[in-house]
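Protein chains in written order, with this note's numbering: chain A, 2 to 126; chain B, 2 to 126.
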């Protein structure tokens, strides 16, 4: 999980962008296909400038891009940063699980040894 | 991906807690096993109060807990919120991939039709 400052900063930007329900809803909407600012603003009780502010945060984090269509300027989901965030989380969980399993088998081993010692002493209850 | 306000708020708290490199490093350290505040502060050029502040953010987000040992008060990773965050990301990526594949096969179909029409007209180049 060691990473340079640049990618650590990038990852912080991704997680910060994800830390808002409106921004997550925008990303979820864009997962279904490109959408203009007007289309994105529709389901929210929010002004277009407020939505545009959220879009700027998402764009800075690399989570969306603006497509070529000059008139509608639809936004597009960029899936790569979601993968990066996901990979960090999975890596952290894998370390945890590996250590959990190690501790678990250590406990199992200790139990078995105890039983074995008791058996040797003829100590049955 | 529909979710109540409570879990949306919870998820925002989790992502916000993850949006800091020191807090992510603390979580990665705790994935290897419980650690006291002193042990956690060691690898960082940071005072214990600064680390304690980060720990409070992590604890509020449900990402760590304080274990029973009254003296050392070691912190423990709680893996469930990492799973929740991961699930949101995976869900978003799955929607995107499904739509990407649909678009892709639509384009394939259009290409095949075009070829077929050309063949009928005997238009080979």
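Backbone N, C-alpha and C define an ideal beta-carbon position, used for all residues, glycine too.
- residue 78(B) (DSSP reduced to helix, strand or coil): strand
- Query: Using 8 Å as the limit for Cβ to Cβ distance, is residue 27(A) near chain E?
  - Reply: No chain E appears in this structure, whose protein chains are A and B.
- Query: Taking the alpha helix (DSSP H) that residue 13(A) falls in, what are its first and last residues?
  - Reply: 6-19
- If you check the beta carbons only, do residue 75(B) and residue 36(B) fall under 8 Å apart? yes
- Item | residue 36(A) in three-state terms, based on DSSP | strand
- Query: Should residue 126(A) be labelled buried (16 or more other beta-carbon atoms within 10 Å of its own) or exposed?
  - Reply: Bear in mind that a pLDDT of 49 at residue 126(A), under 50, signals an unreliable position, so the number given afterwards is only what the model happens to contain. Answer is exposed; the Cβ neighbour count stays below 16.
- Task: Determine, using beta carbons only, whether residue 24(A) and residue 41(A) come nearer to each other than 8 Å.
- Result: no
- Item | Segment contact, 8 Å Cβ cut-off, at least three pairs: the region 49-66 of chain A with the region 53-73 of chain B | no
- In or out: residue 106(A) buried (at least 16 other Cβ within 10 Å) or exposed? exposed
- Item | In DSSP terms, what residue 66(B) is bridged to | 77(B)
- Hey, could you find the ends of the alpha helix (DSSP H) residue 50(B) is sitting in? 49-61
- Just checking my contact of residue 89(B) with residue 78(A) at CB under 8 Å: how many whole Å lie between their CB atoms? About 14 Å; that fails the 8 Å criterion.
- Message: Could you check whether the Cβ of residue 80(A) sits closer than 8 Å to any Cβ belonging to chain B?
- Response: yes
- Exposed or buried, which one is residue 7(B) when buried takes at least 16 other CB atoms within 10 Å? exposed
- Item | Cα-Cα separation, residue 66(B) to residue 21(A) | 24 Å
- Task: Measure from the alpha carbon of residue 10(B) to the alpha carbon of each residue in 10(A), 19(A), 12(A), then state which is nearest.
- Result: 19(A)
- Query: By Cβ distance below 8 Å, which residues in the same chain neighbour residue 12(B) in space, the five residues on each side in sequence not counted?
  - Reply: 4, 85, 86, 89
- Task: Could you list which residues in chain A have their beta carbon closer than 7 Å to that of residue 21(B), in chain order?
- Result: 13
- Message: Please state whether the Cβ-Cβ distance between residue 15(B) and residue 62(B) is less than 8 Å.
- Response: yes
- Task: Identify whether residue 95(A) lies in helix, strand or coil by the three-state DSSP scheme.
- Result: helix
- Message: Does the CB of residue 16(B) have a neighbour CB from chain A at under 8 Å?
- Response: yes
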